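Structure first, then comments.
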Amino acid sequence: MFKTLVIKEWKEKALIAVFGLGVMVIFLAAFLIFGDNQDLRELIPATFLIFFFPFIGVMLGAGAFEPEFRNGSWAYLLSRPVRKETIWLAKLTALLSIMAGFWLVFIGLMAVVPGLGEVVRGFRFPEILDAGLEVFPLILLSSVFYFSVAFSLSILSERQLSLVFGSFFIGFAVQALLSYFAFQAEDRGLLSNVGSFLWLDAYNLALVLSGLAFLGASLITFRKADFSQPRKKNLSLAKYAILFLVLAWILAVAWPVFRPGPEEKLSSEVEVVGSEAFFSTTRGLYRYDIVQDDLKKVAKWGPNSWSSFVIAGGQVLYKTEGWNLQEDPELRFMKTDGSGKRLLVGGGPDDFPGYQGLYSDFLLSPDGKTAVFLTEQIDETGPISRSQYKTVVSIRTDGTGLKKLPPLVPVLAGTGGKNIWIRANAWLEPSNSLLLMRCPQSGPMSLWTYSLATGAQASLFETPRLGACKVSPGHDKVFIVYQPEVRGPIDATLLDIASAEYAPVIKVENPDGSIWFSVRRPVWNRKGDKVAFLVQQDGGVFSPAVYLLKERRVVMLNNVRVREWLDSAPTLGWTSGDAKLVLGVPQERMLKILDPDLAVERAVPVPASIGANFAAWPVDDAVLVQDFDKESVWRLDLKTEKWKRIW
Amino acid sequence: MSELLKVEKLSKGFGGRAVLREVGFSVDPGKVYGLLGRNGEGKTTLIRTIMGVIPRDAGGITFKGRALTFGDADYKKEISYIPEDAFFYGGMSVGGLLEFNSRFFPKWDARKAADDLKRSALDPAAKVRTLSRGQQLKLAFVAALAARPELLLLDDPTSGLDVPTRQDFLRDVIRELAAGGTAVLFSTHLVHELERIVDHLFILHGGRIVLDETYEKVKSLTRRAVLGFDTEPPESPALDGVLSQRRIGKDLELIIYPWSEAVERTLRALKAVRLEIEPLSLEDIFTSFVREA
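This is the structure we're talking about:
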């Protein structure tokens, strides 16, 4: 019966199909004739797309129940032994299939008519998504929506002209409303927790659901309403359409909230503090207790937030910021076990009105009681420049004592809107000062100290290019990797902050003028008398090395040569009470344990279930391995050499 | 249970106006039922409600013992329905329409359809919209009969037929159907035509069934009595069953149902100088039942 009804509909709509094909033929002829004219070559398909598909959708939809209204045939059809749902569905199927037929014909034309496909695929919203968003699928979606509106309204009347205009009017009004709200939602950052540009998804979802709402209202009205009472029938359609539209829009609004976000991914390297390891993902911050073998998510955030954190004195300070940069970043404090969370900055206009703006780096005092962050110069009159963080603000981690400290001096922070990135590198405890790294867009880079007591600022070190700067556990020395001359050799030096004395560590030649630093990943031992690092000796081959502070010499292991892959660099870390080193070698899929003399004591193969891009972080007698390919974290017990996936 | 269709306390209104009020009746197989009522009394509404074309406000309908809901469709496979105005898809051909119908009715008799089509002188290739009203009705009959229904619902369809066709239809088709076990519920305003074929009468008046009786009984128990008096006739004789009364000079005309010997004795006791008692035509009976007081 369904088939019989579908065929009946096809036969009845044959005229519209012929009309549509005729218009397509005219379009094709026009495109072929005027295809040489660059303007017309685009104008003709654009006009055709914009008008033809929505119009044919409305034509088909508006005529859905027209034959039944003619001469009262609705009573004839409804008295047939066939369920009303079947009649309704057969009509919908038949008409949608005719629409789909037009799409297929057009897609076929795009494939076979020279230049047409290229022109149509070229219609894009350039600013949406990097590659631009194609207009054609959106037009098809819109045409289905207009069809569904017209299809629903067609059970009200046989007056085709009224139905066509009514459908266009209602369809356009709904579409305009949805576009407006989608843009508003995007502008206000309401969709930021599900990702950027999702207003488009939300809009499309709302449009699809709105179309379904109209269809749902039509089905229920067709099923339940009394066709002999037009007013009742009209009211029924209006009632259900409004109800379902409201539900559809609630669903569309709720979708960003309930939609499963993007897959959780690692977003930071492991930070080892004592026997605990911390790492962040795109959803939150995890703490892993090596002794207890206990992993706990100590903080949560939206799937599309940038996040960063620092740990000191048993406290964690972390910042979250939405991808779309529309929301204020939030700076929070908590204990390392996740308790005592407190919002320090951001989260609403009433918290700290003066510091709603953007801020960059932040640090936690070694005792964990004070936080310091750099923020932009608040200027009510001028535009805010993200690159200028001139103001230093401190606040106690109990939320009190918000204090604006003396601003960065112009020679440090820059003047005239120059793009200078100031990084807060470390909190130097003995001198109660900050170590700041000045990274201008062009010109030399430098290290500065900023006295928290007086606001005094002094340049410590200036060089064309700065690499890693690692402060010793005692906060008194800095291991600095730098390049004295552009494309020249890479130097490493040890700076004693108090005396401002330098102790050269190593100079690595850079014969091919690589822009990469050939001294990498310096890592202090806990005692602060050794720094391990990786040295690029020639080409892409790295060797582990250790600088002994007392002896002022470098021990390098020349027989362990690690070729760095593009995305899987080797990693190095201290273990066994700082006596040994763990070298992670992704290329060989090995963890190599180096003895105090840097000899390879043993090599532990990495399980096949770990991807090629991993990093190894020793924690006591265990090693945490972060697998950035398969987004997992593993634990290796160095004593038993047993592996366990912990995240 | 022999009843094919049973309607119980069925009510339906339009915009606050009650058209059917707790209507109830039943239909047995093999009988021809006449459904009579004035224009606007709800005959079409009643039939459309039975066919599930429009929803009812209250009440129940059972077909072959099964209670029907508004959305049910299966039972319609055993019912043919011909409305007053044949509402077909005008774009279909005669043959196409029959083919379309054949898909819905499992007992479809294609040979009968072809024979009836031939007898009706309808061109299978002709478009339905080119047919006259009478031809469209013929087509409706062809389709309805080919479905081999157990119940045929006719909503005053014969007015569009020419006299010979109507005679043929009434005399042959309906009786033949009934003889074959099909129940026919025939709503018509051409009341006199029912006289030849009807077994049972329903009269719908004021939204209610005011008469539900076999035709023979109605016919035999309805009488017109004309009493002639020398003086003014009495205002209102104390009689049961007076459907209508009329004064014509010194005569009093009464239509009485049900007629009985007791009624006759009462009339004679009124000492009229003249008493004429005669049976009524169905048309007169119907008129008496639906005449406003």
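Here the protein sequences line up with chains E and X, keeping their order. In this text, residue positions in the first sequence follow my numbering: the first is 23, and each later residue adds one. In this text, residue positions in the second sequence follow my numbering: the first is 91, and each later residue adds one. Just so it is clear, CB atoms sit at the ideal spot from N, CA and C, and this is done for glycine as well. What you are looking at is a predicted structure, and each value in this text was computed from that prediction instead of being measured.
What's the call for residue i, buried or exposed, on a 16-neighbour Cβ count within 10 Å?
{"i": "V568 of chain E", "result": "buried"}
{"i": "I442 of chain E", "result": "buried"}
{"i": "V47 of chain E", "result": "exposed"}
{"i": "Q60 of chain E", "result": "exposed"}
{"i": "H282 of chain X", "result": "exposed"}
{"i": "A153 of chain E", "result": "In this prediction, A153 of chain E scores a pLDDT of 45, lower than 50, which makes its location untrustworthy; the coordinate-derived value is nonetheless stated afterwards. Exposed, by the Cβ-count rule."}
{"i": "E649 of chain E", "result": "Going by the sequence as given, residue 649 of chain E is Asp instead of Glu. Its Cβ being crowded by 16 or more others within 10 Å, D649 of chain E is buried."}
{"i": "A163 of chain X", "result": "buried"}
{"i": "Y168 of chain E", "result": "buried"}
{"i": "F636 of chain E", "result": "buried"}
{"i": "L257 of chain E", "result": "exposed"}
{"i": "A594 of chain E", "result": "Here residue 594 of chain E is Leu; the residue named in the question, Ala, does not match the sequence. L594 of chain E should be labelled buried."}
{"i": "S631 of chain E", "result": "exposed"}
{"i": "S378 of chain X", "result": "buried"}
{"i": "Y708 of chain E", "result": "Nothing about residue 708 of chain E can be read from this structure; chain E reaches only from 23 to 669."}
From residue i to residue j, what does the alpha carbon distance come to, in whole angstroms?
{"i": "A36 of chain E", "j": "G85 of chain E", "result": "12 Å"}
{"i": "A644 of chain E", "j": "V527 of chain E", "result": "30 Å"}
{"i": "R358 of chain X", "j": "S334 of chain X", "result": "18 Å"}
{"i": "K357 of chain E", "j": "L163 of chain E", "result": "50 Å"}
{"i": "S222 of chain X", "j": "I192 of chain E", "result": "40 Å"}
{"i": "L613 of chain E", "j": "P627 of chain E", "result": "6 Å"}
{"i": "D58 of chain E", "j": "I129 of chain E", "result": "21 Å"}
{"i": "L199 of chain E", "j": "A274 of chain E", "result": "13 Å"}
{"i": "P466 of chain E", "j": "C491 of chain E", "result": "15 Å"}
{"i": "A328 of chain X", "j": "L344 of chain X", "result": "12 Å"}
{"i": "R193 of chain X", "j": "L160 of chain E", "result": "40 Å"}
{"i": "F355 of chain E", "j": "L317 of chain E", "result": "20 Å"}
{"i": "V186 of chain E", "j": "A211 of chain X", "result": "41 Å"}
{"i": "G370 of chain E", "j": "R364 of chain E", "result": "Note that G370 of chain E scores 47 on pLDDT, short of 50, meaning its location in the model is unreliable and no value can be drawn from it."}
{"i": "R128 of chain X", "j": "L372 of chain X", "result": "14 Å"}
{"i": "I72 of chain E", "j": "E90 of chain E", "result": "31 Å"}
{"i": "G181 of chain X", "j": "R146 of chain E", "result": "43 Å"}
{"i": "L229 of chain X", "j": "T248 of chain X", "result": "13 Å"}
{"i": "W470 of chain E", "j": "S540 of chain E", "result": "24 Å"}
{"i": "E180 of chain E", "j": "A195 of chain E", "result": "22 Å"}
{"i": "F124 of chain E", "j": "E285 of chain E", "result": "38 Å"}
{"i": "A234 of chain X", "j": "E34 of chain E", "result": "23 Å"}
{"i": "V553 of chain E", "j": "V607 of chain E", "result": "19 Å"}
{"i": "F77 of chain E", "j": "F153 of chain X", "result": "46 Å"}
Going by DSSP, name the residue or residues bridged to residue i.
{"i": "L187 of chain X", "result": "Paired residues: none, contrary to the question."}
{"i": "D341 of chain X", "result": "X:G318 and X:I338"}
{"i": "R460 of chain E", "result": "E:I444 and E:S468"}
{"i": "D311 of chain E", "result": "E:E298 and E:D316"}
{"i": "A230 of chain X", "result": "Paired residues: none, contrary to the question."}
{"i": "E523 of chain E", "result": "E:D518"}
{"i": "I512 of chain E", "result": "E:V530"}
{"i": "M141 of chain X", "result": "None, per the DSSP bridge assignment."}
For the candidate residues the options, whose alpha-carbon lies nearest to that of residue i?
{"i": "S330 of chain E", "options": "E:F91, E:Y308 and E:L317", "result": "E:Y308"}
{"i": "E623 of chain E", "options": "E:I333, E:A634, E:S598 and E:V647", "result": "E:S598"}
{"i": "D118 of chain X", "options": "X:P173, X:E303 and X:D245", "result": "X:E303"}
{"i": "Q609 of chain E", "options": "E:L620, E:L427 and E:A638", "result": "E:A638"}
{"i": "F292 of chain X", "options": "X:G114, X:F231, X:L267 and X:N129", "result": "X:G114"}
{"i": "D311 of chain E", "options": "E:E523, E:K106 and E:S297", "result": "E:S297"}
{"i": "F564 of chain E", "options": "E:L605, E:G306 and E:P486", "result": "E:L605"}
Can we say the stretch 259-270 of chain E touches the stretch 222-239 of chain E, given the rule of at least three CB pairs closer than 8 Å? yes
Would the stretch 312-323 of chain X count as touching the stretch 121-134 of chain X if we require 3 or more Cβ pairs under 8 Å? no
Please determine if the stretch 95-109 of chain E and the stretch 134-148 of chain X are in contact, where contact requires at least 3 C-beta pairs separated by less than 8 Å. yes
Using 8 Å as the Cβ pair cut-off and three pairs as the minimum, do the stretch 140-160 of chain X and the stretch 102-111 of chain X touch? yes
Can you give me, in chain order, the residues of the stretch 119-148 of chain X that have a beta carbon less than 8 Å from any beta carbon in chain B? Absent here is chain B; the protein component of the structure consists of chains E and X.
Using a Cβ distance threshold of 8 Å, determine whether the stretch 206-219 of chain X contacts the stretch 180-188 of chain X, with at least three qualifying pairs required. yes
On the three-pair Cβ rule with 8 Å, is the stretch 213-229 of chain X touching the stretch 194-202 of chain X? no
Stretch pair the stretch 92-105 of chain X + the stretch 650-667 of chain E: three plus CB contacts closer than 8 Å: no
Taking contact to mean 3 or more Cβ pairs, one atom from each stretch, closer than 8 Å, check whether the stretch 132-139 of chain E and the stretch 165-183 of chain X are in contact. no
Would you say the stretch 299-314 of chain X touches the stretch 269-278 of chain X, given that touching needs at least three Cβ pairs under 8 Å? no
Cβ contact (3+ pairs, closer than 8 Å) linking the stretch 540-554 of chain E and the stretch 478-498 of chain E: yes
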